[in-house]
Amino acid sequence: MRKRQWTYLLLFFLFLFFLSTGCAHRRAASSQAVPENMDRDQNRQMTTAEAEQIPSDPDMEDNDDEGFFEDEFEEEAIKVADPLSPWNRAMFHFNDKLYFWALKPLARGYKAITPNFIRTGVKNFFRNITTPIRLVNCILQAKGNAAAVEFSRFVVNTTIGVLGFGSPADKYPKLASPDAEDLGQTFGNYGLGNGFYLVWPILGPSTLRDSIGRAGDFFLDPVSYVSPAEASIGIRAFDTVNNTSFRIGDYESLKKSAIDPYTALRDVYLQVREKKIKE
Amino acid sequence: MKRLLYSVFIFLVMTQTVGADETDVTKQLLRNKVEAAISVLQKEDIDQQEKNKQIIEIVTPLFDFQLMAKLSLGRKYWPGLTQEERQRFTELFTRRLQESYLDKLRLYTDEKVVFKTSVKEKRKIKIPTELISKNNTISMLYKFHELTNSWLIYDIEVQGVSIISTYRSQFDHILSNGTIDDLLIKLEQPEQPKNK
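So the sequence lines, in the order shown, correspond to chains A and B. With the working numbering as the guide, the letters of the first sequence map in order to residues 3 to 281. With the working numbering as the guide, the letters of the second sequence map in order to residues 2 to 197.
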């Protein structure tokens, strides 16, 4: 027992260590910004020089505009270290194959034989039972209003909605579903950085911070307490297939429009998370 | 005195409409184009290829592909390109963007498109829309900027993900490990090779 406690303590310190390195990386990035700025200035000088030489160059006409927009995208750009890139790429390919060879055909077959209202009901059900995750994280982020809405939705949907298969709360604008919170977002809200990018087999893209968040949320998810473990895994798999049946085509579209799918998916994940944390 | 008040009132009302005008006109324009594109999408008597061609013809005037190409490479890479490289890149990237936009429309537009209140920030107009299908609602934000009296799209956010940002990081990744030729070759390939 004692030994176990030590392991937890060790893990905790490891966690802190990683987070601090994450912060260090961020700081390093901001100090790097100085030479980058210089670089940019050089570019700018070059641009103006060119503009002077060739005043009719249409590309340089809206020099001012260019600067105006660049700022928007530079602010938006989220840089996260990817030290485990070889592992991440391997896992990306694994998940890619998993999707095309297993998940997609399964979800397709399931969609073909399952009436729409059942699929929606299942989706609602899983959304309803995972209320604890969102509720606790609303509270942790001091989002009182959202927490109240989550709680009311849970009560309404569990009773009138018959165990959450229906979602009558959606009919009330006041009870409109708030943005789904999770522990990773809570950490982000507290100011913790992403750490580094991390792709898990099956679970998909994540970062160090979000992975730890996910592990924490695991304990708030009622499905985790189903025993035996096989049953719990089975339920999760079913949830995943059901969810995927609504989203066939999303991943394909992303991959098709990408030039480097791995980088594209990473960037999309980071953008989505960043946005969610800000909300 | 009364007359003065009236004229002040009328003046205020007029300036008000002038202020709102640009945003409304742009929104109306976007609405017309998107709705036209969707009606093409729903036609049953023509094949997919013809549909794509027609939709691209309809929506292309809305986009500032030149700027989008420039933004996707950014200040870091764009100035270093020769005139030919820029042209070639813009051409290929435009095709990529058109296909990608078409794909998104096709994928998410089953039922209707809702145009929400647009926001004007300095010299930009942002028009949030929602693509509503049976089971999903996908948000699509059109970002416009002004170019010689007309408003053109320079970026689209799908579910909060900026298309230009995503391309920026991909191009940055490719260019920091390779040359512009590598990028052009990759852009030319319709499909990503399986092993990469």
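Ideal Cβ placement from N, Cα and C applies to all residues, glycine included.
Rounded distance between the beta-carbons of residue j and residue i, thought under 8 Å
{"i": "G215/A", "j": "D181/A", "result": "The Cβ separation is near 15 Å, so there is no contact."}
{"i": "L177/A", "j": "F153/A", "result": "That pair is no contact at about 10 Å."}
{"i": "N126/A", "j": "S179/A", "result": "Not a contact, Cβ separation roughly 11 Å."}
{"i": "G75/B", "j": "F75/A", "result": "7 Å"}
{"i": "D262/A", "j": "H174/B", "result": "6 Å"}
{"i": "K144/B", "j": "E131/B", "result": "At roughly 16 Å, the Cβ-Cβ gap does not stay under 8 Å, so K144/B and E131/B are not in contact."}
Beta-carbon neighbours of residue i, restricted to chain A and to distances below 7 Å
{"i": "N137/B", "result": "F248"}
{"i": "S101/B", "result": "S259"}
Residue i, DSSP secondary structure in three states
{"i": "P207/A", "result": "strand"}
{"i": "E158/B", "result": "strand"}
{"i": "V164/A", "result": "coil"}
{"i": "A182/A", "result": "coil"}
{"i": "S163/B", "result": "strand"}
{"i": "A70/B", "result": "helix"}
{"i": "A109/A", "result": "helix"}
{"i": "I186/B", "result": "helix"}
{"i": "A30/A", "result": "For A30/A, the predicted model reports a pLDDT of 38, less than 50, meaning its position is unreliable; a value from the coordinates is still stated below. It is helical."}
{"i": "R249/A", "result": "coil"}
{"i": "I57/B", "result": "helix"}
{"i": "V228/A", "result": "coil"}
{"i": "A114/A", "result": "helix"}
{"i": "G24/A", "result": "The predicted model places G24/A with a pLDDT of 42, which falls under 50 and marks its position as unreliable, so this point remains unresolved."}
{"i": "I47/B", "result": "coil"}
{"i": "A92/A", "result": "helix"}
{"i": "P60/A", "result": "With a pLDDT of 42 at P60/A, under the threshold of 50, the modelled position of this residue cannot be trusted; read the value that follows with caution. Three-state result, P60/A: helix."}
{"i": "D223/A", "result": "coil"}
{"i": "T83/B", "result": "coil"}
{"i": "G236/A", "result": "helix"}
{"i": "T281/A", "result": "First, the residue type needs correcting, since residue 281/A is Glu and not Thr in the sequence shown. Residue state, collapsed to three classes: coil."}
{"i": "K28/B", "result": "helix"}
{"i": "P169/A", "result": "In the sequence under discussion, the amino acid at residue 169/A is Ser, which differs from the Pro named in the question. Here S169/A sits in coil by DSSP."}
{"i": "G179/B", "result": "coil"}
{"i": "G193/A", "result": "coil"}
CA nearest to the CA of residue i, picked from the options
{"i": "F90/B", "options": "S8/B, Y168/B, R4/B", "result": "Y168/B"}
{"i": "P117/A", "options": "L184/B, N136/B, K123/B", "result": "N136/B"}
{"i": "E23/B", "options": "I128/B, S134/B, I165/B, Q190/B", "result": "I128/B"}
{"i": "T188/A", "options": "I141/A, V225/A, V157/A", "result": "I141/A"}
{"i": "S213/A", "options": "I120/A, P224/A, V201/A, V228/A", "result": "V201/A"}
{"i": "M141/B", "options": "E158/B, I126/B, N150/B", "result": "E158/B"}
{"i": "Q84/B", "options": "K71/B, K117/B, R96/B", "result": "K71/B"}
{"i": "K121/B", "options": "D25/B, R4/B, R97/B", "result": "D25/B"}
{"i": "S134/B", "options": "V114/B, E51/B, E36/B", "result": "V114/B"}
{"i": "L148/B", "options": "K125/B, S166/B, I165/B, G161/B", "result": "K125/B"}
{"i": "A109/A", "options": "E281/A, T242/A, K257/A, R275/A", "result": "T242/A"}
{"i": "R91/A", "options": "A233/A, E281/A, G236/A, A266/A", "result": "A266/A"}
{"i": "E100/B", "options": "L82/B, K117/B, I56/B, P80/B", "result": "I56/B"}
{"i": "I162/A", "options": "N130/A, G190/A, G186/A", "result": "N130/A"}
{"i": "R107/B", "options": "S255/A, P263/A, I261/A, L272/A", "result": "S255/A"}
{"i": "L103/B", "options": "F66/B, K52/B, S163/B, F116/B", "result": "K52/B"}
{"i": "T27/B", "options": "S151/B, I181/B, K187/B", "result": "S151/B"}
Residue(s) in a DSSP beta bridge with residue i
{"i": "H146/B", "result": "K125/B, L153/B"}
{"i": "K113/B", "result": "I133/B"}
{"i": "I139/B", "result": "L132/B"}
{"i": "V120/B", "result": "K127/B"}
{"i": "V201/A", "result": "P207/A"}
{"i": "F64/B", "result": "I154/B"}
{"i": "A83/A", "result": "F198/A"}
Contacts that residue i makes with chain B (C-beta to C-beta distance below 7 Å)
{"i": "G251/A", "result": "L108"}
{"i": "S255/A", "result": "D104, K105, L108"}
{"i": "A266/A", "result": "T167, Q171"}
{"i": "V270/A", "result": "V162, T167"}
{"i": "K173/A", "result": "Within chain B, no residue comes near K173/A; the closest Cβ sits about 16 Å away, beyond 7 Å."}
{"i": "K277/A", "result": "G161"}
Interface partners of residue i on chain B, CB under 8 Å
{"i": "Q273/A", "result": "G161, V162, S163, S166, T167"}
{"i": "A79/A", "result": "S166, R169, S170"}
{"i": "T122/A", "result": "N136"}
{"i": "K113/A", "result": "Those within 8 Å of K113/A in chain B number zero; the least Cβ separation is about 10 Å."}
Contact list for residue i against chain A, beta-carbon separation under 9 Å
{"i": "S151/B", "result": "By Cβ distance, chain A contributes nothing, its closest Cβ being about 13 Å from S151/B, past 9 Å."}
{"i": "R97/B", "result": "S259, I261"}
{"i": "G179/B", "result": "None at all; the shortest Cβ gap to chain A is about 11 Å."}
Contact test: residue i Cβ vs the ligand GTP heavy atom, cutoff 6 Å
{"i": "E23/B", "result": "Of ligands this structure carries none, so the ligand GTP is not represented either."}
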